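Using our numbering, the first residue of the sequence shown is number 5, and each one after it goes up by one.
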Amino acid sequence: MRKVSMKKVSEVLRFHFKLEMSIRQSANASNISKSTASDYCKRFKELGISIDSFISLNEEQQENLFYPKKIKVYTGTQSATSKVMPDCNYIHNELKKKKVTLALLHDEYKEQNPNNYYSYTQFREYYSRFKKVLNPSMKQVHLVGEKVFVDYSGLTIPIVNQTTGEVTTSQIFVAVLGSSGYTYVHATYSQKQRDFILSHTLAYDFFGGVPTIVVPDNLKSAVIKNNKDGVVINEAYAALARHYNMAVQPARPYKPKDKSKAEQGVQGIQRWILARFRNRTFFSVDELNDAISILLDIYNNKIVKRFGKSRTQMFEELDKPALNPIPANRYVYREFKIATVSISYHIFLEGCEYSVPFKYLSKKVEARYSSQTVEIYYKNTLIATHPKLHFKGSVSTLAEHMPKSHEHQHLKTNPGSFLNWANKIGINTVSWVKKEFEKVEHAPNVYSKLNAILSLAKIYGNYELDLAIGYAQIHNVTNTASIKSILDKKLYLNSPANNTSVDTQVFNTHDNLRGNIYQ
Numbered sequence: 005m006r007k008v009s010m011k012k013v014s015e016v017l018r019f020h021f022k023l024e025m026s027i028r029q030s031a032n033a034s035n036i037s038k039s040t041a042s043d044y045c046k047r048f049k050e051l052g053i054s055i056d057s058f059i060s061l062n063e064e065q066q067e068n069l070f071y072p073k074k075i076k077v078y079t080g081t082q083s084a085t086s087k088v089m090p091d092c093n094y095i096h097n098e099l100k101k102k103k104v105t106l107a108l109l110h111d112e113y114k115e116q117n118p119n120n121y122y123s124y125t126q127f128r129e130y131y132s133r134f135k136k137v138l139n140p141s142m143k144q145v146h147l148v149g150e151k152v153f154v155d156y157s158g159l160t161i162p163i164v165n166q167t168t169g170e171v172t173t174s175q176i177f178v179a180v181l182g183s184s185g186y187t188y189v190h191a192t193y194s195q196k197q198r199d200f201i202l203s204h205t206l207a208y209d210f211f212g213g214v215p216t217i218v219v220p221d222n223l224k225s226a227v228i229k230n231n232k233d234g235v236v237i238n239e240a241y242a243a244l245a246r247h248y249n250m251a252v253q254p255a256r257p258y259k260p261k262d263k264s265k266a267e268q269g270v271q272g273i274q275r276w277i278l279a280r281f282r283n284r285t286f287f288s289v290d291e292l293n294d295a296i297s298i299l300l301d302i303y304n305n306k307i308v309k310r311f312g313k314s315r316t317q318m319f320e321e322l323d324k325p326a327l328n329p330i331p332a333n334r335y336v337y338r339e340f341k342i343a344t345v346s347i348s349y350h351i352f353l354e355g356c357e358y359s360v361p362f363k364y365l366s367k368k369v370e371a372r373y374s375s376q377t378v379e380i381y382y383k384n385t386l387i388a389t390h391p392k393l394h395f396k397g398s399v400s401t402l403a404e405h406m407p408k409s410h411e412h413q414h415l416k417t418n419p420g421s422f423l424n425w426a427n428k429i430g431i432n433t434v435s436w437v438k439k440e441f442e443k444v445e446h447a448p449n450v451y452s453k454l455n456a457i458l459s460l461a462k463i464y465g466n467y468e469l470d471l472a473i474g475y476a477q478i479h480n481v482t483n484t485a486s487i488k489s490i491l492d493k494k495l496y497l498n499s500p501a502n503n504t505s506v507d508t509q510v511f512n513t514h515d516n517l518r519g520n521i522y523q
């Protein structure tokens, strides 16, 4: 078998064995073929471990278990058994329950009417006619507790700033349960990921449980790519789904039936809720949400004529008993970033630096961060945790991440190597390097900057770079881009000699320059 990402394999197994989704559903949610998903599930069964144990392993451990043993193809089988008028409303609602088929319902219908029943063919025909007269968006049969459809209303509500009079438009998030049509509505200031995910967590609280699958439209906050080449889910949205033990199954582009429930819910709340606010002024989204909550109860309690029940009643009977429980720990919104560990064994994140154990030097790691913490992972294994820094230029370095002293002595990158390098370029450069080291408590924190600046000598030459650094010191210029700009524009040619701006003491120019900077 060709090796693939263990994250993909793990998701397929989670969908099938933990969420009890079918092989086909698991394959669709993971954007792989049904046969491949079946292979993964069969191979997993041969391992003889629980799904929770497998998920708890890091990717390397999972891969060691999963490969290189050959996976046998598994093909599941589905059994189905297939002149009082059938109750088509009842049939429609019963089919939303897991493992309920028309054939089973026909058997029950025959048992209730042993001497006066329609054949299975006629029974099926009556139900088919019933579906045709339903609203087109209701023709699909959604299993109870299986799906929630989410989208934003195209209709927005203005929010007026009482102080400045400035008007902004609130975004209206709508979540609709597939089986009952029970609806949740939430207003936010934007459709940005932070607001999008907050709306989800509030929706699940409102429902009092979690469906198996969430079906979003192709919003950037949810889906990075959804085309013939595959589906790529935004990592923050995927993390939300993992926390709630759900699968993400985006609506296919140009396939309106995939999101018909969401569209129906959007139309409903536009007509019955948002339209009522057309002559009302709101001064905050909190005020708007308070007004929405009152009308939302009325909307969900309205009788749906074709079913003779309200959405609330159908929710209590159908979806609510089938929803999965909400996790005890509330979801904490995190953002994600792939970073390469620098020569100072730190990663750069939003203008700040965070250390990782020295052995991960030059490795690609994943940072998962909230407003409080930064967690750094290598192959899904946590290797470092830091408090989140909020001022650019701040550095968090843990002592246990530093290399051992004997290892540090053999590094090509140490204060002495940079000073020797600078000494070959010129007097201004040596002075500048010493000052850069004096600015920090932990020398490796400036290695990347020094390397970037001193490497410019390969492009511009030692003499030109030394003049440019002298000019930069006169004008208190410190960042890399600005020094490169000085070189490109040759600004140092219009300035007094740079050697008047720095300490002109005699430097020892032999190859092993030493000094207090080493101590």
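Backbone N, C-alpha and C define an ideal beta-carbon position, used for all residues, glycine too. If you're wondering where the values come from, they're calculated on a predicted model, not measured in any experiment.
What residue range is occupied by the uninterrupted beta strand (DSSP E) comprising S359? Residue 359 sits at position 355 when you count from the first residue of the sequence shown. S359 -> beta strand (DSSP E) spans C356 to S359.
Sorted by chain position, which residues of the same chain lie with C-beta nearer than 6 Å to L415's C-beta, five sequence neighbours on each side aside? Here residue 415 corresponds to residue number 411 of the sequence shown, with the count starting at 1. Low local confidence applies: a pLDDT of 48 at L415 is under 50, so the model's placement there is unreliable, with the coordinate-based value given in what follows. If we look at L415 and ignore the five residues flanking it on each side, it has no Cβ neighbours.
Given K313, which residues of its chain have a CB within under 6 Å of its CB, disregarding the five upstream and five downstream residues? Stepping through the sequence shown from its first residue, residue 313 is reached at position 309. Correct list: empty, nothing qualifies.
Own chain, CB closer than 8 Å to L299, minus 5 neighbours either side, in chain order: Numbered from its first residue, the sequence shown carries residue 299 at position 295. Once the five neighbours on either side are set aside, the close Cβ partners of L299 are W276, I277 and R280.
Give a yes or no on whether 7 Å exceeds the smallest Cβ distance from S30 to chain B. No chain B appears in the structure shown, which is made up of a single protein chain.
Note down the Cα distance separating E321 from A240, rounded to an integer number of angstroms. In the sequence shown, residue 321 corresponds to position 317, counting from 1. In the sequence shown, residue 240 corresponds to position 236, counting from 1. Inter-residue distance for E321 and A240 is about 33 Å (C-alpha atoms, whole angstroms).
Going residue by residue through the region 394-458, where are the continuous alpha helix (DSSP H) segments of at least 4 residues, counting only ones entirely within it? Counting only runs of 4 or more, we get 409-413, 419-429, 431-442 and 451-458.
Could you work out which residue in Q29, A403, M318 and E64 is closest to S2 when comparing CA atoms only? No answer is possible for residue 2: the residues shown for the chain start at 5 and end at 523.
So what does DSSP say about D155, is it helix, strand or coil? Reading the sequence shown from its first residue, position 151 is the one you call residue 155. In the structure shown, D155 falls within a strand segment according to DSSP collapsed to helix, strand and coil.
In the DSSP assignment, find the unbroken alpha helix (DSSP H) run with K114 in it and report its ends. Here residue 114 corresponds to residue number 110 of the sequence shown, with the count starting at 1. For K114, the enclosing alpha helix (DSSP H) starts and ends at L106 to Q116.
Closest residue to Y364 among I387, T377 and R372 (Cα-Cα distance): Mapped onto the sequence shown, residue 364 falls at position 360. Relative to Y364, the option among I387, T377 and R372 whose CA is nearest is I387.
Residues near K11 in its chain [Cβ-Cβ closer than 7 Å; skip 5 each side]: Residue numbering aside, residue 11 sits at position 7 when the sequence shown is read from its first letter. Cβ-Cβ distances below 7 Å link K11 to E63 in the same chain, with the five nearest sequence neighbours on each side left out; the list follows chain order.
Does the distance from the C-beta atom of A207 to that of V289 stay below 7 Å? To locate residue 207, count along the sequence shown from 1; it is residue 203. To locate residue 289, count along the sequence shown from 1; it is residue 285. Here A207 is not near V289, since their CB atoms are 7 Å or more apart.
Assign H190 to one of three DSSP states: helix, strand, or coil. The residue you call residue 190 lines up with position 186 of the sequence shown. Of the three classes helix, strand and coil, the one that applies to H190 here is strand, per DSSP.
Straight-line CA distance for N498 to S348? Taking the first residue of the sequence shown as position 1, residue 498 is located at position 494. Taking the first residue of the sequence shown as position 1, residue 348 is located at position 344. Approximately 36 Å, taken between the alpha carbons.
Q175, DSSP secondary structure in three states: Position 171 of the sequence shown, counted from the start, is the residue given in the question as residue 175. Correct three-state label for Q175: strand.
Apart from the five residues on each side of it in sequence, which residues of its chain come closer than 7 Å, Cβ to Cβ, to R246? Taking the sequence shown and counting its residues from 1, the one referred to as residue 246 is at position 242. Excluding positions up to five away in sequence, the list is empty.
Integer Cβ distance of I269 from V178, believed to fall under 8 Å: Looking up residue 269 in the sequence shown gives position 265. Looking up residue 178 in the sequence shown gives position 174. At residue 269 the sequence reads Gly, which differs from the Ile that was named. That belief holds up - the Cβ atoms of G269 and V178 are roughly 5 Å apart, short of 8 Å.
P329 (DSSP reduced to helix, strand or coil): Your numbering for residue 329 matches position 325 in the sequence shown. Coil, per DSSP.
For Q82, does the three-state DSSP call read helix, strand or coil? Numbered from 1 along the sequence shown, position 78 holds the residue referred to as residue 82. Low per-residue confidence applies at Q82: pLDDT is 35, beneath 50, and the placement is therefore not dependable, though the value from the model is reported in the following sentence. Judged by DSSP in its simplified three-state form, Q82 adopts coil rather than helix or strand.
Out of curiosity, what's the CA-to-CA distance linking H15 and F58? Locating residue 15 in the sequence shown gives position 11, counting from the first residue. Locating residue 58 in the sequence shown gives position 54, counting from the first residue. Note that residue 15 is Glu in the sequence shown here, rather than His. About 11 Å.
Chain-order list of residues whose beta-carbon lies under 7 Å from that of S9 (same chain, five-residue window excluded): Against the sequence shown, residue 9 aligns to sequence position 5. Sequence-distant Cβ neighbours of S9 in its own chain, meaning closer than 7 Å and more than five residues away, do not exist here.
Can you check whether the CB of V444 is closer than 7 Å to the CB of V450? Within the sequence shown, residue 450 is the residue found at index 446, counting from 1. Within the sequence shown, residue 444 is the residue found at index 440, counting from 1. By the CB criterion at 7 Å, V450 and V444 fall inside the cutoff.
Report yes if the CB atom of F210 is closer than 7 Å to the CB atom of Y188, and no otherwise. Locating residue 210 in the sequence shown gives position 206, where the first residue counts as 1. Locating residue 188 in the sequence shown gives position 184, where the first residue counts as 1. The answer is yes: Cβ separation under 7 Å.
Taking A403 as the reference, give the member of I307, K367 and S359 with the closest Cα. As a first step, residue 403 must be located in the sequence shown, where it is residue number 399. Out of I307, K367 and S359, S359 has the C-alpha closest to the C-alpha of A403.
Distance, Cα to Cα, V369 vs R47? Position 365 of the sequence shown, counted from the start, is the residue given in the question as residue 369. Position 43 of the sequence shown, counted from the start, is the residue given in the question as residue 47. The alpha-carbon atoms of V369 and R47 are separated by roughly 29 Å.
So, for R372: in the same chain, excluding its five sequence neighbours on each side, which residues have a beta-carbon less than 7 Å away from its beta-carbon? Taking the first residue of the sequence shown as position 1, residue 372 is located at position 368. Excluding positions up to five away in sequence, the list reads R338, F340, E379 and Y381.
If you run the structure through DSSP and keep just helix, strand and coil, what is K22? Along the sequence shown, read from residue 1 onward, the residue named residue 22 stands at position 18. Three-state result, K22: helix.
Please name the residue in K265, F362, T344 and H350 whose C-alpha comes closest to that of E315. By one-based count along the sequence shown, residue 315 stands at place 311. Note that residue 315 corresponds to Arg in the displayed sequence, not to Glu. Looking at the Cα atoms, K265 is the closest of the given residues.
Taking the alpha helix (DSSP H) that L244 falls in, what are its first and last residues? Here residue 244 corresponds to residue number 240 of the sequence shown, with the count starting at 1. Per DSSP, L244 is one residue of the alpha helix (DSSP H) stretching across E239 to H247.
On the three-pair Cβ rule with 8 Å, is the region 108-127 touching the region 89-99? Yes: the two stretches touch, three or more of their Cβ pairs being nearer than 8 Å.
Considering only residues of the same chain and omitting the five flanking positions on each side of I27, which have a CB-CB separation below 7 Å? For the purposes of this step, residue 27 is taken as residue 23 along the sequence shown, with counting starting at 1. Answer for I27: H20, K38, A41, S42, C45 and G80, listed in chain order.
Mapping the DSSP letters down to three states, classify E150 as helix, strand or coil. For the purposes of this step, residue 150 is identified with residue 146 of the sequence shown, where counting begins at 1. Annotated three-state conformation of E150 is coil, per DSSP.
Between the beta-carbon of A243 and the beta-carbon of I217, is there less than 7 Å? The residue labelled residue 243 in the question sits at position 239 within the sequence shown. The residue labelled residue 217 in the question sits at position 213 within the sequence shown. No, the Cβ-Cβ distance between A243 and I217 is not below 7 Å.
Is F134 helix, strand or coil by DSSP? Taking the sequence shown and counting its residues from 1, one reaches residue 134 at position 130. In the displayed model, F134 falls within a helix according to three-state DSSP.
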